[in-house]
Amino acid sequence: MCRNCGCSLTPESPGRVIEVIQDLLAENDRMADHNRAHFDSHGVLAINVMSSPGAGKTALLEATIVALKGSVRIAVIEGDLATDNDAVRIRSHGVPAVQITTGAACHLDAQRVHQALHTLSLATLDLLFIENVGNLVCPATFDLGAHRNVTLLSVTEGDDKPAKYPVIFRASDLVVLSKTDLLDVMDDFDPGRAAAALQGLGGGIPLIGTAVRRAPSIGAWLDWIDAELHGRDGAYRSVPSRKPLSFPPPPRFGV
Amino acid sequence: MHELSICQALLKQVNHVAADAGCEHVEKITIAIGLLAGVEPGLIASAFAVMKSGGCAAQATLIIESVEVRVECAVCGAHSSVTANRLICSACGGYRTRVIAGQELCLLRVELRAPVHAHSLN
Chain A
1 MCRNCGCSLT PESPGRVIEV IQDLLAENDR MADHNRAHFD SHGVLAINVM SSPGAGKTAL
61 LEATIVALKG SVRIAVIEGD LATDNDAVRI RSHGVPAVQI TTGAACHLDA QRVHQALHTL
121 SLATLDLLFI ENVGNLVCPA TFDLGAHRNV TLLSVTEGDD KPAKYPVIFR ASDLVVLSKT
181 DLLDVMDDFD PGRAAAALQG LGGGIPLIGT AVRRAPSIGA WLDWIDAELH GRDGAYRSVP
241 SRKPLSFPPP PRFGV
Chain B
1 MHELSICQAL LKQVNHVAAD AGCEHVEKIT IAIGLLAGVE PGLIASAFAV MKSGGCAAQA
61 TLIIESVEVR VECAVCGAHS SVTANRLICS ACGGYRTRVI AGQELCLLRV ELRAPVHAHS
121 LN
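Residue numbers (the working numbering), protein chains in the order written: chain A, 1 to 255; chain B, 1 to 122.
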């Protein structure tokens, strides 16, 4: 029997065309929404931290943990191709850390984060950092369920990175210029050019500087976290849950 | 190489569409990739060529439609076609823009092969 209409003759017409129009990341996005619902139900702010390898993500998180110890309950999910070195570093500060080793995979996805969540007690947390795999390309495409995306750009990289990797920088709610204590020896890095390249991506994405080694300076970063945790009126977690800047994409086919 | 993950998701969706239609062979698959989707069409095509084997799409061709980036200006309201790393209003030069096209990563349509022996009377 014909499976379309139930008639007893199947047409010998050419093949059928089925219009689908479905996001290829629909399954990931469903899981990301599920993760976000978990965070929301426990009042946990989740921040996805991205950058190229070696931009100082773990070092910034370590400094953040030290600065906020006693006032904000933090945990970290660490994504790396191999080793649990970063999770060990985080745990040495007395906060829970879950290491996801992705093997050959170049990014975290919502499913991997969901599995990691099963080993964390969200009820005992205020703030969860998800440190993505060091990579300026692949992580940008996958919503993890975090409320905010933060991308680090270290001053030991090129100041034109936002123009070279527009997808990840545009997906950011905040860009952190890291290792600013090295600016005096990095003659060819111009923070003004980095800011201009970022501004070229539209949307007015804020840019702040941090340093955690020679001359520690993370005040602007801590202020941003505080504002995200407490909202403008100071009420704890009054910031409404929302997806990062570029997720979900706007209505399809505006062209 | 996140294109492998995306190709895997594509084939899964195509399998569902074909199974729902009771079809075992897919002729053609059309997807849209925006220039700001962060996905390289050439790598998707390479991944597809390898990963399609053994399934309902083993003989299928993949058509990739590219979607240009367009922004809407929050200040003057103009719509402009822009490059992926210059999301600035072409009319007034403002940077307070919203991307309205170019992030697509989407399965558009699946063309199923007609049955070879079509007549089956119950």
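For every residue, glycine included, the Cβ atom is placed at its ideal position computed from N, Cα and C.
Residue burial is scored here from C-beta neighbours: Glu3 of chain B has at least 16 other C-beta atoms within 10 angstroms and is therefore classed as buried. Burial state of Gly56 of chain A is buried, judged by a 10 Å Cβ sphere holding 16 or more other Cβ atoms. Close to Ala140 of chain A, with beta-carbon spacing below 8 Å, are these residues of chain B in chain order: Gly38. Between Asn149 of chain A and Asp181 of chain A, the gap from beta carbon to beta carbon reaches 9 Å or more. Taking a beta-carbon distance threshold of 9 Å, Glu157 of chain A does not count as an interface residue toward chain B.
Taking C-beta atoms under 8 Å as the contact rule, Thr102 of chain A and Val133 of chain A qualify, at a distance of about 6 Å. Against chain A, the beta carbon of Leu112 of chain B has neighbours under 8 Å at Gly15, Arg16, Val17 and Ile18, listed in chain order.
Contact annotation for His34 of chain A against chain B: no contact, minimum CB-CB distance about 17 Å [criterion: below 7 Å]. Excluding its 5 nearest sequence neighbours in each direction, Gly15 of chain A has no C-beta neighbour in its own chain below 8 Å. At a cut-off of 9 Å, the C-beta of Glu27 of chain A has a neighbouring C-beta in chain B. Distance from the CA of Ile18 of chain A to the CA of Leu112 of chain B, rounded to the nearest whole angstrom, comes to 8 Å.
If only uninterrupted alpha helix (DSSP H) runs of at least 4 residues are considered, those enclosed by the stretch 50-113 of chain A are 57-68 and 85-91. Excluding its 5 nearest sequence neighbours in each direction, Met51 of chain B has C-beta neighbours in its own chain below 7 Å: Cys7, Gln8 and Leu11, listed in chain order. Remark: C-beta atoms of Arg91 of chain A and Thr58 of chain A do not approach each other more closely than 9 Å. As a beta-bridge residue in DSSP terms, His79 of chain B pairs with B:Glu72. Sequence-distant partners of Ser81 of chain B (beyond 5 residues in either direction) whose C-beta falls short of 8 Å from its own C-beta, in its chain, are Glu68, Val69, Arg70 and Ser90.
Pairing Ile130 of chain A with Ala46 of chain A, the inter-Cα distance amounts to about 7 Å. Close to chain A, meaning a Cβ-Cβ distance shorter than 8 Å, are the following residues of the stretch 5-25 of chain B: Ser5, Ile6, Ala9, Leu10, Lys12, Gln13, Val17, Ala21, Gly22 and Cys23. For Ser66 of chain B against Leu35 of chain B, the beta-carbon gap comes to about 7 Å, under 8 Å, which counts as contact.
Annotation note: the stretch 174-212 of chain A contains the following uninterrupted beta strand (DSSP E) runs of length 3 or greater, listed N- to C-terminal: 174-178 and 207-209.
Within the same chain, and ignoring the five residues on either side of Thr124 of chain A in sequence, the residues whose Cβ sits closer than 8 Å to its Cβ are Arg73. Per the DSSP secondary-structure output, Ile218 of chain A pairs with nothing in a beta bridge. Leu201 of chain A places its beta carbon 9 Å or farther from that of Leu62 of chain B.
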